[in-house]
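Chemist: Encoded as structure tokens, here's the structure I'll be asking about.
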Amino acid sequence: MKYPILFIVSLLIIAATFFLTPEQKSGGEKFLIVIHGGAGSARPGMTEEEKQAHIAGLNTALTTGYDLLGQGKDALSVVEAVIRVLEDDSLFNAGRGAVLTSEGFASHDASIMNGIDLTAGAVGDVRRIKNPISLARMVMEKSNHVLMVGDGAEKFAEKQGVGFVPPEYFITEDQKATLKKRLDQMNKAGTVGCVVLDKNGNLAAGTSTGGMTGKLPGRLGDTPIIGAGTYANNATCAVSATGWGEKFIKNAVAFRISALMEYKGYTLKQAVKEVLDKNLAPKDGGVIAVDRAGNYEMYYTTPSMYRGVMTSDGIKEIKIWE
Ligand code: ASP
Numbered sequence: 001m002k003y004p005i006l007f008i009v010s011l012l013i014i015a016a017t018f019f020l021t022p023e024q025k026s027g028g029e030k031f032l033i034v035i036h037g038g039a040g041s042a043r044p045g046m047t048e049e050e051k052q053a054h055i056a057g058l059n060t061a062l063t064t065g066y067d068l069l070g071q072g073k074d075a076l077s078v079v080e081a082v083i084r085v086l087e088d089d090s091l092f093n094a095g096r097g098a099v100l101t102s103e104g105f106a107s108h109d110a111s112i113m114n115g116i117d118l119t120a121g122a123v124g125d126v127r128r129i130k131n132p133i134s135l136a137r138m139v140m141e142k143s144n145h146v147l148m149v150g151d152g153a154e155k156f157a158e159k160q161g162v163g164f165v166p167p168e169y170f171i172t173e174d175q176k177a178t179l180k181k182r183l184d185q186m187n188k189a190g191t192v193g194c195v196v197l198d199k200n201g202n203l204a205a206g207t208s209t210g211g212m213t214g215k216l217p218g219r220l221g222d223t224p225i226i227g228a229g230t231y232a233n234n235a236t237c238a239v240s241a242t243g244w245g246e247k248f249i250k251n252a253v254a255f256r257i258s259a260l261m262e263y264k265g266y267t268l269k270q271a272v273k274e275v276l277d278k279n280l281a282p283k284d285g286g287v288i289a290v291d292r293a294g295n296y297e298m299y300y301t302t303p304s305m306y307r308g309v310m311t312s313d314g315i316k317e318i319k320i321w322e
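Under the working numbering, think of the first position of the sequence shown as 1, with each following residue one higher.
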């Protein structure tokens, strides 16, 4: 043979290509992040200052996630990091600033899911955990369970060395006033969520909330229920929901969107629209969703949804109303 070295190099390249993922083969390093800060909770009469504060909060979370994705961080870690930022921001109904139960304390629900292998973790009715999303991830990675609630979840957290805070940490004057006004009716408020496509083509989703103002102690909404408020599967999509939790549980909203893609070949847009427009009633809430090709949706039937998207193609959008 005239050029044995060239022949060997070609063989090596062919062999290496064989082991690449579809995304690596296409050279695709596309990544994106979508977040929400709750559907239907923006007061129409909010001042410009309030509006800008919410936009700034969303922007901080969005850019934190985008930068991590750019550095090659995995989807799951980005979802956790972004939701922690929103939990620490008292303007949103998760972590500090969460809505209050009918008895005046904050009770948090959160869940996280990895699209690679359907591993998931969730916590419900935890009252002293600073960042419930991180405890949800620990349930996923450090226990044999998917969902842990109440005292048991907090005992588990103690063993894991998670950050605890006194229950008063979560209570803001704003939420006290909201509870006072709305004690006679359950009310929706700004849950937070994040869905991500990372550089390796993997999907993850997470959601965190204080639930609904005036909820009965012990009530869990859709947020800690995998398949209702959160779902991620690399074969279909990653979804995080916000809205009237009981409706989202009954309609298995997040899983249903994934199932329409898996079993009926729907596009992400078709699946999201079908479930929100047909299975749910108008004003029930909204979802953010992303698929492996980098399509994304921020769809809601409430008058507003705090939301934002940032993609490696240069799209950046943060909005509250239409
Ligand atoms: N879905 C949440 C719940 O029902 C509330 C919300 O998204 O605003 O707990």
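Just so you know, even glycine gets a beta-carbon here, dropped at the ideal spot from N, CA and C.
What does the Cβ neighbour count give for T17, buried or exposed, with the cut at 16 atoms within 10 Å?
Modeler: Low per-residue confidence applies at T17: pLDDT is 49, beneath 50, and the placement is therefore not dependable, though the value from the model is reported in the following sentence. Exposed.
Chemist: Under 8 angstroms Cβ to Cβ from G27, same chain only, skipping five residues before and after it: list those, please.
Modeler: Summary for G27: the model assigns pLDDT 40, below 50, so the residue's position carries little reliability, and this model does not support an answer.
Chemist: Starting from the C-beta of D74, find all residues in its chain whose C-beta is less than 6 angstroms away, skip the five residues before and the five after it, and write them out in chain order.
Modeler: Cβ neighbours of D74 beyond the five flanking positions: D198.
Chemist: Is the Cβ-Cβ distance between M298 and V34 less than 8 angstroms?
Modeler: Contact: yes.
Chemist: Quick one: Cα of L220 to Cα of L276, how far?
Modeler: Roughly 21 angstroms between the two C-alpha positions.
Chemist: Hey, which unbroken runs of the alpha helix (DSSP H) at 4 residues or more fall wholly within the region 166-217?
Modeler: You should have 173-182.
Chemist: Pull up the distance between the alpha-carbon of V290 and that of N131, whole angstroms please.
Modeler: Looking at the two C-alpha atoms, the distance is approximately 24 angstroms.
Chemist: Tell me, to the nearest whole angstrom, how far the beta carbon of L32 is from that of M310; I am working on the premise that it is less than 8 angstroms.
Modeler: Right, the Cβ-Cβ distance comes to about 7 angstroms (below 8 angstroms), so this counts as a contact.
Chemist: For ligand 1, I want to know if G97 counts as a neighbour, meaning its beta carbon is within less than 7 angstroms of at least one of the ligand's heavy atoms.
Modeler: No; taking the cut-off as 7 angstroms, the Cβ of G97 has no heavy atom of ligand 1 nearer than that.
Chemist: Per DSSP, what kind of secondary structure is S111 in: helix, strand or coil?
Modeler: In the structure shown, S111 sits in a strand (DSSP, three-state: E or B).
Chemist: Taking the straight line between their C-alpha atoms, what separation do you get for I257 and T178?
Modeler: So the alpha carbons of these two residues sit roughly 33 angstroms apart.
Chemist: Taking 7 angstroms as the cut-off, is the beta-carbon of M298 closer than that to any non-hydrogen atom of ligand 1?
Modeler: Checking every heavy atom of ligand 1 against the Cβ of M298, none is found closer than 7 angstroms.
Chemist: Can you find the residues in the same chain that come closer than 7 angstroms, C-beta to C-beta, to Q24, ignoring five residues on each side of it along the sequence?
Modeler: With a pLDDT of only 43 at Q24, under the threshold of 50, the placement of this residue in the model should not be trusted; the figure read from the coordinates follows. Closer than 7 angstroms at the Cβ level, and outside the excluded window around Q24, lies no residue.
Chemist: Can the beta-carbon of A39 be found closer than 8 angstroms to that of T207?
Modeler: No.
Chemist: Name, in chain order, the residues that DSSP records as bridge partners for M310.
Modeler: Looking at the DSSP assignment, M310 forms a beta bridge with I33 and K316.
Chemist: Can you look up V99 in the DSSP assignment and give me helix, strand or coil?
Modeler: Looking at V99 - three-state DSSP - the assignment turns out to be coil, as it is neither helix nor strand.
Chemist: Measuring only the C-alpha atoms, how far is E50 from W321?
Modeler: In a straight line, the C-alpha of E50 is about 14 angstroms away from that of W321.
Chemist: Using only alpha-carbon positions, find the residue among G201, K250, Y231 and G163 that is nearest to G193.
Modeler: When only C-alpha atoms are compared, the closest one is Y231.
Chemist: Can you tell me whether DSSP reads I133 as helix, strand or coil?
Modeler: Helix, per DSSP.
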